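Chains as they are written, first to last, in this note's numbering: chain A, 1 to 327; chain B, 328 to 607.
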């Protein structure tokens, strides 16, 4: 059975490897200039808030180099685990239904559950290996280029999703959804479309509901506008609150005083003192909501566990479906 | 001898009781009740749409019954029962095989997936049909494709063998070889069921007739018993008040019997046919 599955997935494995190779080449070829500028920015202690002609010109140059190419690459990295998992997953059952070979293999002396389990186990190795390489390539790339300047935190949404073990988790979830859609719908095209839609919804739900809880954002009062998020964590938002209040109540917006607005984003120390004095005269202080970087691996781990649990549930449901379907 | 679920010996390899199968609202089997005796080679006959393929698939465990009961070698066929799939070998009208495998690898796959695989039989049967071992399945002709599927079905080593029109796309020589192979395995299996529209061919391979009409059995018995009855007078159809009578000029053959019964069924369903041609 192992060699049969290998023969079935040999072409897919070759295409996946080619895609990975192309992506890795693109990551380094297209971001070479941006990486160079990022190194210069780092060397000159420039930040997105820095003033000074040299820094400003470097920031402009960085954005010019990184805008479209980096944006496209991040989009590709974001979408790749889903497509990878779904294409592998859907083919496990749907392709056999379409070719009719299900009518051959289900007549041999092995149970349908054993058959789907064996195929899943073997092809999941391909999915995991390809997703792992994708995750490593994306992590190395983003930590060497993207994180150096643009976000400063691996917790930033697109970077978090496309790096480390989260890639494995999302690829596994997509794989499970693909198997379930293929088993239920028995047509590859429809199964791919449906599982992509379900995958996108689940991913959004995880991002919007589970991730914020696990990350557990914190508030800190600062005397000046920070050049970076506190403790190099992920800056969620910043604003002004009454001096007695460290975090906003539910639905309470950070208030901004127009009087002191002109001082914002200016980091000259003398202006800062004017700015702080202005805020104090209005009974306000600057509060920053941020997520500490120490939450990164916890959040990654929780999302992987959630994704794998959903994928296992999808696989169990697929086994139930195939064990009751007429041929 | 098969043993039923109560542990007692059973004379029937297959037993069905008021078996019903519907595809949506379309009925395929409508209360089919029959016992297929162990050790027999059964010819399953009926007009197109009579329910032959559905009956075979139900016995094979490929489709589930809507109601009624069925047991094969004393076990209820379950869609995902490993013991049942081991016990039954089924050759459908379509022969889905992996096109990217060659003939040798396809037979190897069969041996890996079936514990009771008959390696020597498979090899000699493939040689008999002169199937090219290194040729990919997708490059085989339609007839060769059918031959390979038949070799796999017969090599599985199951006690119950179900063949749905196995000769349909074979040339005369291949038909003759296929008949010999079926006759060869008949002695080793508990039950062989062959569906075909060519009664003459079935006479050579089988010894028991089951005739289906509208998803029900209307005639069942050994060839010899049925032909004796046919010689003596009208044959009464099960579950009906009707009978089929041999015309004085008709031969006393299985084919004439089957034709007469099917004509009687058609006439009962369509009164237009009861009117003599000249009077229409």
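Ideal placement from N, C-alpha and C gives every residue a C-beta, glycine not left out. Since the model is a prediction, treat every value here as computed from it, not as a measurement.
When DSSP builds the beta bridges, which residues end up paired with residue i?
i	result
residue 239(A)	287(A)
residue 521(B)	370(B) and 490(B)
residue 343(B)	361(B) and 397(B)
residue 562(B)	571(B)
residue 350(B)	353(B)
residue 246(A)	Partner(s): none; residue 246(A) has no beta bridge.
residue 112(A)	According to DSSP, which records beta bridges pairwise, residue 112(A) is partnered with nothing at all.
residue 234(A)	291(A)
residue 402(B)	399(B)
Within its chain, find whatever has a CB closer than 7 Å to the CB of residue i; leave out the 5 residues flanking it on each side and keep chain order.
i	result
residue 421(B)	none
residue 307(A)	169, 170, 172 and 173
residue 462(B)	429 and 430
residue 166(A)	160, 300, 303 and 304
residue 13(A)	126
residue 81(A)	131, 134, 167, 170, 171 and 174
residue 556(B)	562
residue 549(B)	534 and 535
residue 388(B)	404, 405, 406, 408, 411, 412 and 415
By Cβ distance, which residues of its chain are closer than 8 Å to residue i, with the 5 residues on each side in sequence left out?
i	result
residue 436(B)	425 and 428
residue 355(B)	348, 349, 378, 381 and 542
residue 570(B)	561, 562, 563, 564 and 591
residue 497(B)	470, 473, 474 and 505
residue 98(A)	186, 187 and 188
residue 192(A)	86, 87, 90, 178 and 181
residue 11(A)	none
residue 155(A)	215, 233, 234, 291, 293, 295, 296 and 299
residue 270(A)	Only weak support exists for where residue 270(A) lies, its pLDDT of 48 falling under 50; the value from the coordinates is given anyway. For residue 270(A), where only same-chain residues beyond five positions count, there are no Cβ hits under 8 Å.
residue 423(B)	none
residue 17(A)	130
What is the residue span of the alpha helix (DSSP H) that residue i lies within?
i	result
residue 212(A)	211 to 215
residue 219(A)	From DSSP, residue 219(A) is part of no alpha helix (DSSP H) but of the beta strand (DSSP E) over 218 to 222.
residue 315(A)	296 to 322
residue 535(B)	Taken as a continuous stretch (DSSP letters only), residue 535(B) belongs to no alpha helix (DSSP H), being part of the beta strand (DSSP E) at 535 to 540.
residue 384(B)	379 to 387
residue 592(B)	581 to 596
residue 179(A)	166 to 185
residue 204(A)	188 to 205
residue 530(B)	526 to 532
residue 161(A)	157 to 161
residue 376(B)	First-last for residue 376(B): undefined, no H or E at that position.
residue 105(A)	102 to 105
Of all Cβ atoms in chain E, is any one closer than 8 Å to the Cβ of residue i?
i	result
residue 110(A)	This model lacks chain E altogether; the protein chains it does include are A and B.
For the beta strand (DSSP E) containing residue i, list its first residue and its last residue.
i	result
residue 397(B)	394 to 399
residue 547(B)	543 to 549
residue 30(A)	Taken as a continuous stretch (DSSP letters only), residue 30(A) belongs to no beta strand (DSSP E), being part of the alpha helix (DSSP H) at 2 to 30.
residue 416(B)	415 to 418
Can you find the residues in the same chain that come closer than 6 Å, C-beta to C-beta, to residue i, ignoring five residues on each side of it along the sequence?
i	result
residue 77(A)	138 and 162
residue 371(B)	379, 520, 522 and 537
residue 312(B)	Because chain B here runs from 328 to 607, residue 312(B) falls outside it and cannot be looked at.
residue 606(B)	Residue placement at residue 606(B) is poorly supported in this model, since its pLDDT is 47, which falls under 50; the coordinates still yield a value, given next. Result list for residue 606(B): empty, nothing under 6 Å.
residue 419(B)	491
residue 268(A)	With a pLDDT of only 40 at residue 268(A), under the threshold of 50, the placement of this residue in the model should not be trusted; the figure read from the coordinates follows. Cβ within range, chain order: n/a, list empty.
residue 244(A)	none
residue 321(A)	183 and 184
residue 583(B)	577
Whole beta strand (DSSP E) elements within the region 429 to 505 of chain B, 3-residue minimum = With a minimum length of 3 residues, the continuous beta strand (DSSP E) runs that stay inside the region 429 to 505 of chain B are 487 to 491.
ask   = Just by C-beta distance, which residues in the region 379 to 394 of chain B are closer than 9 Å to chain A?
value = Contact residues of the region 379 to 394 of chain B toward chain A are 384, 387, 388, 389, 390 and 391 (C-beta to C-beta distance below 9 Å).
Contact residues within the region 406 to 422 of chain B, judged by C-beta distance below 7 Å to chain A = Contact annotation: in the region 406 to 422 of chain B, residues whose CB is within less than 7 Å of a CB in chain A are 406, 407, 409, 412, 413, 417, 419 and 421.
Under 8 Å (Cβ pairs) to chain B, residues found in the region 70 to 104 of chain A = From the region 70 to 104 of chain A, only 99, 100, 101, 102, 103 and 104 have a Cβ closer than 8 Å to chain B.
ask   = Which residues, taken in chain order from the region 5 to 23 of chain A, show a beta carbon closer than 7 Å to some beta carbon of chain B?
value = Per Cβ criterion, the list reads 7.
request  = Anything in the region 292 to 318 of chain A with a Cβ closer than 8 Å to a Cβ of chain B? List those residues in chain order, please.
outcome  = Cβ contacts with chain B: none found.
request  = Please name the residues in the region 456 to 481 of chain B whose beta-carbon is closer than 9 Å to at least one beta-carbon of chain A, in chain order.
outcome  = Cβ contacts with chain A: 476, 479 and 480.
inquiry  = Give me the subset of the region 441 to 453 of chain B whose CB atoms are less than 9 Å from a CB atom of chain A, sorted by chain position.
reply    = Answer set for the region 441 to 453 of chain B: 441, 442, 443 and 444.
request  = For the region 116 to 143 of chain A, enumerate the residues whose C-beta is nearer than 7 Å to any C-beta of chain B, in chain order.
outcome  = Close to chain B, meaning a Cβ-Cβ distance shorter than 7 Å, is no residue of the region 116 to 143 of chain A at all.
inquiry  = Tell me which residues of the region 162 to 189 of chain A have at least one Cβ-Cβ distance to chain B shorter than 9 Å, keeping chain order.
reply    = Listed by position along the chain: nothing, the set is empty.
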